[in-house]
Each structure stands twice: as structure tokens, then as C-alpha cells.
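Take a look at the structure set out below.
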Amino acid sequence: MPANAFNGQTDYGIGLGLRVPHYVHILEKKPDVAWFEIISENFMCGGGRPLEVLDRIMEQYRVVQHGVSLYFGSADKPDREHLRRLKALVKRTHTPWLSDHLCWGSVDGTYTHDLLPMPYTFAAARTTAAKIRMVRDFLEVPICVENVSSYAEFHASEMTEWEFLSEVVELADCGILLDVNNIYVSSRNHGFNPYDYLDHVPHHRVGQMHIAGHTKFEKYILDTHDHPVLDPVWKLYAHATRRCGVTATLLEWDDRIPSFDEVHAEALKANEFIADAKNARKKPAPPRPRAA
Ligand SMILES: [Fe+2]
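Counted from 1, the sequence shown has number 886 at position 200 by our numbering; the numbering is strictly sequential.
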């Protein structure tokens with residue numbers, strides 16, 4: 687795969703996030719899972735049990751790296767020591783691409799450990815794209831940037847979130863990790879139509895999708911990853927797979943994690959929508975569903 691393109695070649699099937707409560711089950715039962723997504727930062731430790739487990743997992747499964755600390759949208763330059771350790775892990779896993787978030791989270795070397803929303807300006811798009819290119823060139827691996835869920839917006843924004851995402855990935859010439867649940871959460875919090883988002887991102891750049899559960903509160907929705915995927919998100923996922931083609935799909939379940947079998951069964955529900963998308967591609971496009 688070239689370092690800057692995906693071209694619909696990520697039909698890897700349904701993956702799961704590799705989480706500590708499931709280690710023993712996976713190593714002993716060897717369940718039939720297409721691939722695992724790992725959080726890079728959990729394995730940038732130089733040795734010990736995390737890497738022992740990872741090496742055993744890699745004997746059986748394809749592994750794709752996902753990160754939470756590159757902060758492509760921060761004005762800071764990437765930390766070179768962090769990038770060196772990340773590159774060592776990339777060489778170890780042979781990840782086919784590496785994803786991290788379209789957000790900021792650090793100022794002058796102080797890290798918030800939050801995925802903060804960006805001002806959607808042309809200047810921010812240029813800065814962010816330059817950083818993505820810098821990271822990709824150093825790591826020598828294709829990059830996918832993920833849209834985050836958000837709870838605040840900037841008056842300074844000059845475009846919509848999907849226009850900003852599109853601008854960044856075109857300037858960076860990189861892929862998209864399209865988090866369908868995040869689109870739904872942000873659409874409800876900010877009052878936009880999530881189908882407009884899905885219809886206007888560059889579909890050929892979508893290399894992976896995330897689905898997850900969220901929690902509804904009286905005045906907002908929170909991206910909690912602590913229960914099954916809700917119906918409006920499945921409807922969006924169905925639309926996304928019809929528009930983008932079938933891509934590697936990953937269920938995120940990070941809190942109140944149930945048994946491995948329960949998480950796996952929830953993730954495999956995506957196969958129904960993938961099959962529908964493959965059939966739909968042979969027929970004229972249906973009208974898009976109304977936003978929930
Ligand atoms: Fe995600």
C-alpha cells in the first residue's frame with residue numbers, strides 16, 4: 687500500500703479493540719477475529735508483559751495501531767523521543783496504517799490528555815496537514831486522521847467540520863478514520879445533519895471506520911463507549927458504507943467492558959450493513975434516510 691492512499695483496499699472485515707480484560711480469553715481460546723486495534727501508547731513501554739502479550743497476539747492476528755497523543759492540531763512540534771518510540775512499535779507490528787485524532791491537546795509541551803476540538807480555519811488546516819506529513823514521513827507509515835466528538839465550537843471557524851476534515855486530508859494527502867458515532871454525537875450537540883457530513887467527505891480517503899455506544903443526557907450526548915451501538919449510529923454506518931465502500935470497521939468499547947463474546951457479537955452486527963452496502967452498490971442509490 688502506498689504511504690498516502692487507501693483506494694478501498696482496507697476490506698479487512700470487523701475488528702475489535704484489544705483490551706486487558708480480554709487478554710486471557712483471546713490467548714487461550716483464539717477466537718476468530720479479523721483483526722485487533724491496539725492503542726499505541728499502551729505498548730510503547732520497551733518490554734514487559736504488554737509486549738509479551740502483543741507478540742503472542744501478533745502470532746495469530748493482524749494488528750492495526752491507533753493513538754491518542756499525536757495531537758495533529760496542536761501548534762507544538764511532535765516530541766521526537768515520542769516519535770522514536772512510536773516508530774519502534776510500528777516496525778514491530780507492521781501496522782498497515784496508523785491512526786490518531788484530528789484535535790489538539792498540548793501547549794508548549796504541557797499535555798491535557800484530552801482530545802480537544804479545533805477551530806475550523808484554513809490556517810489551522812494548513813498547520814495540521816503539515817504536522818501530519820511530518821509524522822508520516824518520520825514514521826514511514828500511512829496515516830488516517832479520526833474525527834473526534836465535540837461539545838464546544840469556535841466563533842473563529844470558517845467552515846463546517848466536514849469541510850475542515852476534507853481540507854486537512856487533501857492538504858496532507860492522508861486517509862480518514864471515520865468515526866460514525868462521533869459524527870452522530872457532534873451532530874446532536876451542535877445541530878447539524880450527520881448525513882451532510884457523510885455525503886461530503888472524500889469517500890476514497892476513508893480507510894477505517896469506528897462505531898461505538900454513547901449516552902444521552904437531557905441537553906447533550908456524551909461519547910462514552912460503554913454500551914452497545916444505538917440504532918441511529920447503525921443507520922449512519924449503513925449510509926457510510928454505501929458511500930465509502932466497505933472498509934475496515936472497529937467497535938470501540940472502553941468502559942464497563944462486558945465479556946469478549948458480548949463485545950464480539952455486537953461488532954459482528956456490522957456484517958449485515960456491509961452485506962447491504964455490497965448489494966446496494968449493484969443497484970441505483972436509494973434516497974438517504976432522514977436524520978434522527
Ligand atoms: Fe473513535
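Built from N, CA and C at the ideal position, the CB exists for glycine as well.
If you're wondering where the values come from, they're calculated on a predicted model, not measured in any experiment.
By how many angstroms is the C-alpha of residue j removed from the C-alpha of residue i?
i, j, result
"Asn690", "Arg819", "In this predicted model, Asn690 has a pLDDT of only 41, less than 50, meaning its place in the structure is not dependable; the value taken from the coordinates is given anyway. For Asn690 and Arg819, the distance between alpha carbons rounds to 10 Å."
"Leu908", "Asn965", "33 Å"
"Asp912", "Ala774", "31 Å"
"Thr910", "Arg942", "10 Å"
"Ser852", "Glu714", "43 Å"
"Pro688", "Phe903", "In this predicted model, Pro688 has a pLDDT of only 43, less than 50, meaning its place in the structure is not dependable; the value taken from the coordinates is given anyway. Their backbone Cα atoms lie some 43 Å apart in a straight line."
"Val793", "His890", "33 Å"
"Asp917", "Ala815", "34 Å"
"His711", "Thr807", "46 Å"
"Ala963", "Thr796", "44 Å"
"Trp920", "Ala956", "8 Å"
"Pro717", "Asp765", "37 Å"
"Asn868", "Asp786", "14 Å"
"Tyr698", "Ala961", "14 Å"
"Leu825", "Leu769", "7 Å"
"Lys763", "Arg967", "43 Å"
"Leu737", "His799", "23 Å"
"Phe946", "Leu954", "12 Å"
"Arg748", "Val739", "14 Å"
"Gly694", "Arg928", "Low per-residue confidence applies at Gly694: pLDDT is 49, beneath 50, and the placement is therefore not dependable, though the value from the model is reported in the following sentence. Computed Cα separation, rounded: 12 Å."
"His780", "Glu727", "16 Å"
Relative to the C-alpha of residue i, which candidate in the options has its C-alpha closest?
i, options, result
"Tyr883", "Glu904, His925, Asp947, Asp859", "His925"
"Trp721", "Arg742, Pro918, His708, Gln746", "Gln746"
"Leu863", "Val831, Met730, Asp718", "Val831"
"Val719", "Asp885, Pro782, Ala951", "Ala951"
"Met804", "Thr846, Glu767, Pro764", "Thr846"
"Cys930", "Asp885, Gly795, Val834", "Asp885"
"Ala984", "Trp848, Arg874, Tyr797", "Because the chain in this structure spans residues 687 to 978, residue 984 falls outside the shown range and cannot be described."
"Lys905", "Ser785, Asp823, Ser872, Ala809", "Ser872"
"Met730", "Leu772, Arg748, Asp940", "Leu772"
"Glu938", "Tyr698, Ile725, Tyr709", "Ile725"
"Ala809", "Val834, Leu857, Phe946", "Leu857"
"Met744", "Glu767, Tyr709, Val949", "Tyr709"
"Ser755", "Leu954, Phe946, Leu788", "Leu788"
"Tyr837", "Asp947, Tyr870, Phe946", "Tyr870"
"Arg778", "Phe850, Gly732, Arg705", "Gly732"
Quick one: what's got a C-beta closer than 6 Å to residue i's C-beta in the same chain, skipping five residues either side?
i, result
"Glu661", "Nothing in the structure corresponds to residue 661, since the chain is present only between 687 and 978."
"Tyr923", "Val866, Ile897, Phe959"
"Pro707", "Ile943"
"Thr901", "Leu908, Thr910"
"Val915", "Ile897, Gly899"
"Val855", "Ile862, Arg891"
"Pro888", "Ser852"
By Cβ distance, which residues of its chain are closer than 7 Å to residue i, with the 5 residues on each side in sequence left out?
i, result
"Thr696", "Gly893, Gln894, Thr933, Ala934"
"His876", "Glu839"
"Arg742", "Leu713"
"Ala842", "Pro805, Thr807"
"Trp790", "Tyr757, Gly759, Ser760, Leu802, Met804"
"Val834", "His787, Leu788, Cys789, Leu801, Pro803, Asn868"
Of all the CB atoms in chain D, is at least one closer than 8 Å to the CB of residue i?
i, result
"Asn833", "You won't find chain D in this structure, because it holds only one protein chain."
With distances taken from each beta carbon to the nearest heavy atom of ligand 1, which residues come in below 5 Å, in chain order?
Asp865, His896
Which whole runs of the alpha helix (DSSP H) in the stretch 745-814 are 4 residues long or more, in chain order?
766-779
Quick one: which unbroken beta strand (DSSP E) runs of 3-plus residues sit fully inside the stretch 921-978? Chain order, please.
934-938
Of all the beta strand (DSSP E) runs that stay within the bounds of the stretch 837-922, which reach a length of 3 or more residues?
861-865, 892-898
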